[in-house]
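Chains as they are written, first to last, in this note's numbering: chain X, 1 to 168; chain C, 1 to 168; chain L, 1 to 168; chain E, 1 to 168; chain R, 1 to 168; chain A, 1 to 168; chain Z, 1 to 168; chain V, 1 to 168.
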């Protein structure tokens with residue numbers, strides 16, 4: 001099995017946040033790998049990782065980091081594989097991490113998702129793979145349908161909430 | 001010629017910012033279309049646009065909007081084609097637009113780039129298409145090499161700057 | 001009984017915040033309905049809801065959402081019934097939600113209240129209905145009087161707080 | 001002619017921003033009045049204004065102020081006529097004014113619109129009056145249709161923008 | 001005993017924060033009063049309070065409020081007794097309250113202290129009274145000396161902290 | 001003539017902002033002095049200034065500074081004369097300066113006014129002196145009355161603004 | 001033993017944050033001292049401390065403070081020994097303290113590290129001493145290598161995390 | 001001549017901001033070099049630069065960058081030479097750049113100065129070199145004295161400003 005998506009995080013302490021991404025990829029049956037490498041503590045490892053990714057068959061990279069979060073940008077600097085950035089909330093409610101990931105200079109984009117939004121990163125990686133994989137595209141449409149059904153069902157449960165002037 | 005990337009903006013007043021995206025796609029020879037539709041003023045047109053995009057052959061959508069920027073999220077809600085969001089700076093230095101685009105709820109990601117960073121949105125769209133287009137991937141690598149050369153050349157020009165204690 | 005006010009929230013997880021709105025309407029004997037529909041997960045349901053609201057007799061809509069909160073704006077885009085937006089605090093202390101609701105483009109207003117201020121949204125909806133309902137206007141004046149009395153009473157209780165140099 | 005909407009601003013220096021509101025009301029043929037009274041410099045005048053508004057036939061108040069903007073809240077404290085607050089950008093990009101208007105305590109709502117969004121305030125006032133005025137509701141629907149047409153036309157003009165790889 | 005300082009807060013829920021002010025005034029033997037009146041819920045009471053303060057012998061007013069905190073500004077609008085504003089932290093870490101108090105328009109100052117800094121408000125009120133009360137000025141100098149001694153003593157306790165390379 | 005108020009600024013470049021304070025004191029016939037001393041570049045001069053102020057007859061100090069504005073706090077640390085802080089807008093819209101002045105630790109208050117609000121600082125200094133100067137208190141009441149009259153007159157000028165549906 | 005680094009904090013309540021700095025210096029066998037002196041409560045002690053530091057052999061100063069944090073800047077004003085500032089998180093998530101330390105005026109730099117980042121302050125002080133101490137430079141290189149090894153080991157532990165589609 | 005300080009900036013467009021640093025080093029007769037290399041566009045060049053710096057005799061690095069400013073952190077990750085970070089104001093008033101530089105993770109400090117404060121970066125680099133260069137330390141003390149004199153002279157010029165109630 002060849003990994004198509006690589007999840008990389010700045011520290012294993014980010015794992016609890018990133019599990020939602022791993023679970024989504026698992027559910028979508030997309031082979032992935034899981035790495036923890038720091039742009040600041042292991043810069044050569046990160047450079048090596050980024051340079052080798054495309055050759056190893058990686059097609060999308062999900063990179064998560066907190067604070068002055070450089071990991072996604074540093075990887076994007078070295079590969080043309082699309083890089084999805086996940087700002088991790090560690091300090092300042094995560095706004096430092098969000099700005100340090102999203103405000104990339106012209107030439108080197110990072111596809112940024114919301115603070116701690118690892119599941120959205122995984123969905124986005126699937127959407128990118130689905131550009132050339134029609135059956136995965138169908139799976140994603142079905143996933144969206146299921147989301148709808150859950151909401152519609154939750155809405156129905158609101159009929160249980162009773163007030164004198166509430167109209168059902 | 002079939003458009004692969006669709007650029008959509010909330011208002012034609014966003015065109016000066018979005019031109020860098022159009023130019024990059026043109027340079028990369030990626031067929032694209034250009035639209036201006038407002039999530040708030042023409043909601044049905046936007047819904048129609050989003051629903052029809054995949055069937056029409058669109059593989060990536062770049063959506064730009066300012067202020068309470070809903071356009072990228074509203075499109076992402078209706079299609080599984082990857083949506084890249086470009087926050088336009090109109091008020092509050094663009095922070096309102098950035099947050100209104102990037103902080104999407106679980107299930108519906110928008111790949112957000114920096115404030116007014118339309119060129120990065122276009123590069124990202126090319127990277128996504130390049131996942132299944134090896135020759136485009138080569139073009140992107142070459143584009144990155146050219147960026148490097150420009151920087152290296154600019155660096156060389158710094159040798160022209162003269163100070164008594166500057167070492168060249 | 002015909003609902004005049006429709007409370008809609010992006011997710012049933014917003015219910016604990018929105019209960020204060022339901023209670024106030026109940027107290028004012030204003031018939032209302034309670035819905036949970038997501039602008040991002042059930043966009044067609046939301047469009048349908050917004051289009052049908054006026055015809056069904058809804059005169060004010062209270063829409064609550066968090067993060068990149070699009071629900072109030074998306075509804076306002078489709079109806080001319082006044083829409084009151086309640087920013088829900090989920091991330092970033094709620095500032096993302098506030099900006100994503102209040103900073104609407106020209107043409108499509110949302111009447112925004114404070115972060116998590118669901119009771120104020122309900123009072124505002126009553127004030128709007130009271131424009132053409134003199135007896136409701138009287139009820140609201142009485143409600144304000146009661147607020148005053150509570151404060152005046154609380155003030156009196158401060159006479160119980162004792163310090164050597166405190167003058168009563 | 002009896003004014004239904006009262007526009008009040010903290011200072012005549014806010015007039016250039018508030019003109020869009022006056023023009024919209026004029027266009028919709030809604031009788032209105034225009035006042036400049038400061039919550040801080042003329043508190044009794046403001047209290048008098050707020051107390052008398054309903055009796056004088058005013059049905060909606062639009063209050064604009066900048067910096068530590070107290071005017072909308074101070075008026076809302078004294079009347080049950082719906083108060084729409086317009087944060088004026090004077091310092092700090094207008095964020096001080098937005099927070100000072102929108103973050104009202106429980107019991108006293110202000111219907112806040114975006115920074116400097118005086119036209120949206122006027123539209124909202126019309127929507128509120130339209131709750132009991134079906135012909136005004138029709139006018140508002142037509143206004144929304146006209147907005148759409150402008151956008152659709154602007155979109156068509158984008159076909160004039162020419163790139164080699166742009167598909168029309 | 002005639003109160004010289006009046007502490008007023010928007011709600012009795014602010015009492016735990018404001019107790020430090022009461023205690024400091026008690027310690028300095030400055031007669032004071034304690035009130036809870038809301039600028040929004042009891043506007044006439046507040047206006048009455050502000051108008052009567054000087055005549056009743058009040059020489060400094062300490063006004064505390066949270067969120068869209070109007071109380072200090074509303075009082076300052078009606079009296080020329082110096083008003084000290086204490087921003088209470090209720091939402092948004094207190095930044096809404098700070099801006100709503102400090103950013104007053106030209107003509108009506110509020111002497112603002114830090115978020116929840118009720119003791120500093122009380123010290124400031126004492127410094128103001130001390131302008132014409134030399135013995136109070138001496139007490140304040142002594143209070144500052146005592147603060148110094150506490151710090152110097154705490155510093156000495158640091159000699160107890162032991163590390164191999166710590167020099168005492 | 002003995003100065004009662006001392007205006008001190010971190011740099012002579014702050015003079016254009018501080019002139020409004022000087023003019024107000026001049027108008028109120030309050031003797032004052034004008035100094036430029038930097039907490040960072042001339043710390044001993046500032047310490048000397050602060051220590052000598054009370055003895056020299058200074059009763060209120062107005063201290064203005066920008067960026068990491070330490071001047072007001074450093075002076076407050078050394079005297080018990082009330083210190084009014086004026087945050088000067090130099091970078092970050094002045095929010096750095098505001099926070100560096102207002103968020104003082106317990107024990108050492110600075111009476112902070114709005115960003116660049118030098119006139120309010122001067123009014124506040126006059127209010128403080130008026131605590132023990134009844135004729136100055138009368139002047140301040142008159143100043144407030146004049147402010148009112150200006151607003152009332154400006155309001156009257158609004159009757160000149162003509163719209164078809166504007167009611168005068 | 002002569003202290004080379006002086007750690008100074010605004011209050012002994014900062015000690016739990018600053019312990020990481022003390023431990024790092026201990027580990028690197030760099031003699032240091034530990035002080036608690038407040039720029040606001042003990043200004044003369046701080047001035048004395050700063051003036052004497054270089055003569056006493058101190059080569060780097062680490063100064064930590066919260067809120068309107070003046071301590072690092074006040075020390076930097078009085079010595080040319082490099083001053084490292086540590087913003088302590090006390091209010092507003094520490095952003096007040098960060099801005100009050102980092103935004104120093106031209107002429108008086110403070111080498112600022114992240115909020116609560118006392119260990120980084122200590123590492124920086126070691127890097128500064130290592131400029132003229134080759135064996136310390138070697139220790140720091142080794143410290144960096146050890147950091148790498150920890151990350152690499154943590155990365156290996158990720159192989160324990162099992163998912164069906166995870167590739168090891 | 002061997003460079004001791006290396007100034008590196010993300011782009012030659014940062015040169016106008018960084019000139020103040022070059023001028024200061026020139027004035028202090030500290031040999032330096034000037035480079036423009038981008039962490040994102042020329043990552044290998046930056047890695048090479050950082051690895052070689054110490055061996056080439058560089059003792060302090062000043063790194064300037066804007067937006068999601070990674071350059072200082074990326075260099076600090078690869079060398080134990082002290083790195084001074086200068087946040088360049090390009091977007092969001094420079095707050096993105098400040099946070100992306102200062103909020104480094106434990107282990108890899110960057111000595112951050114204020115937004116655009118290149119002169120302070122140069123002074124700090126001189127202070128660091130002066131730790132082992134007593135004659136440079138004397139030059140810095142003299143530089144501080146000269147700063148004082150300028151301020152004192154500016155203060156004297158204030159005596160020229162004339163008001164009726166100004167005391168000289």
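Note that beta-carbon positions come from the ideal geometry of N, C-alpha and C, so glycine has one too.
For clarity, every value in this text was computed on a predicted model and none was experimentally measured.
*asked:* I'd like to know if residue 16 of chain Z contacts chain F, where contact means its C-beta is closer than 9 angstroms to some C-beta of that chain.
replied: As a matter of chain content, chain F is missing from the structure shown, whose protein chains are X, C, L, E, R, A, Z and V.
*asked:* Contact defined as beta carbons within less than 8 angstroms: I believe residue 161 of chain X pairs with residue 34 of chain L. What is the distance between those atoms, to the nearest angstrom?
replied: 6 angstroms
*asked:* I'd like to know if residue 66 of chain A contacts chain R, where contact means its C-beta is closer than 9 angstroms to some C-beta of that chain.
replied: no
*Does the Cβ-Cβ distance between residue 73 of chain E and residue 111 of chain E come in under 9 angstroms?*
no
*Measuring only between beta-carbons, confirm whether residue 135 of chain R sits less than 9 angstroms from chain L.*
no
*Assign residue 1 of chain A to one of two classes, buried (16 or more other C-beta atoms within 10 Å of its C-beta) or exposed (fewer than that).*
exposed
*asked:* Quick check on the burial criterion: 16 or more other C-beta atoms within 10 angstroms. Buried or exposed for residue 91 of chain A?
replied: buried
*Between the segment 28-49 of chain X and chain V, which residues of the former have CB atoms less than 8 angstroms from a CB of the latter, in chain order?*
38, 39, 40, 41, 43, 44 and 47
*asked:* Any beta carbon of chain E sitting closer than 9 angstroms to that of residue 77 of chain R?
replied: yes
*Assuming residue 82 of chain X and residue 127 of chain C form a contact by the criterion Cβ under 8 angstroms, report the distance between their Cβ atoms to the nearest whole angstrom.*
4 angstroms
_the segment 122-139 of chain E touching the segment 17-26 of chain E, judged by at least three CB pairs closer than 8 angstroms_ = yes
*CA nearest to the CA of residue 80 of chain X, picked from C/45, C/4, C/3 and C/138*: C/138
*Give every residue of the same chain whose Cβ lies closer than 6 angstroms to the Cβ of residue 9 of chain L, excluding the five residues on either side of it in the sequence, and list them in chain order.*
18, 36 and 64
*In three-state DSSP terms, what is residue 9 of chain V?*
strand
*Under 7 angstroms Cβ-Cβ, which residues of chain X neighbour residue 164 of chain Z?*
26
*asked:* Let's test the definition: count the other Cβ atoms within 10 Å of the Cβ of residue 56 of chain L and tell me whether it reaches 16, buried, or not, exposed.
replied: exposed
*Counting along the chain, where does the alpha helix (DSSP H) carrying residue 87 of chain C start and finish?*
Careful: residue 87 of chain C lies outside any alpha helix (DSSP H), inside the beta strand (DSSP E) at 83-88.
*What number of angstroms, rounded off, separates the C-alpha of residue 76 of chain L from the C-alpha of residue 150 of chain X?*
24 angstroms
*Quick one: grab the DSSP three-state call for residue 112 of chain V.*
strand
*Report yes or no: is there a C-beta of chain R within less than 9 angstroms of the C-beta of residue 81 of chain E?*
no
*Which residue's Cα is closest to the Cα of residue 48 of chain Z: Z/78, Z/20 and Z/147?*
Z/78
_Just to confirm my understanding: we take residue 71 of chain L, look at its own chain, exclude 5 residues before and 5 after, and list those with CB closer than 6 angstroms. What are they?_
10, 39, 63 and 65
*Using a Cβ-Cβ cut-off of less than 9 angstroms, give me the residues of the segment 121-155 of chain A that come near chain V, in sequence order.*
none
*Could you say which of Z/130, Z/133, Z/116 and Z/6 lies nearest to residue 67 of chain X if we only look at CA atoms?*
Z/116
*Would you mind telling me which residues of chain C sit closer than 8 angstroms to residue 157 of chain E, beta carbon to beta carbon, in chain order?*
12
*Let me know the secondary structure DSSP gives residue 63 of chain Z once reduced to three states.*
strand
*Report the neighbours of residue 85 of chain A on chain E: residues whose CB is nearer than 9 angstroms to its CB, in chain order.*
The contacting residues do not exist; residue 85 of chain A stays about 16 angstroms from chain E at best.
*What are the residues that DSSP puts in a beta bridge with residue 155 of chain Z?*
Its beta-bridge partners do not exist; DSSP assigns none.
*For residue 3 of chain A, which residues in chain Z fall below 8 angstroms Cβ to Cβ?*
Those do not exist, as residue 3 of chain A stays about 23 angstroms from chain Z at its closest Cβ, beyond 8 angstroms.
_Three-way DSSP call (helix, strand, coil) for residue 22 of chain X in this model_ = helix
*Measure the beta-carbon distance from residue 109 of chain C to residue 120 of chain X and round it to whole angstroms, keeping in mind my assumption that it falls under 8 angstroms.*
4 angstroms
*Residue ranges of each alpha helix (DSSP H) within the segment 94-140 of chain A, 4 or longer*: 95-102 and 118-130
*Ignore the nearest five residues each way along the sequence and tell me which others in residue 100 of chain Z's own chain have a CB closer than 6 angstroms to its CB.*
68 and 69
*Buried or exposed: residue 29 of chain R, going by 16 or more other Cβ atoms within 10 Å of its Cβ?*
exposed
*Beta carbon of residue 169 of chain C nearer than 9 angstroms to that of residue 4 of chain V*: One cannot answer for residue 169 of chain C here, as it falls past the ends of chain C, which runs 1 to 168.
*Along chain Z, in chain order, which residues have C-beta atoms closer than 9 angstroms to that of residue 8 of chain A?*
Result: empty, since nearest Cβ-Cβ is about 15 angstroms, beyond 9 angstroms.
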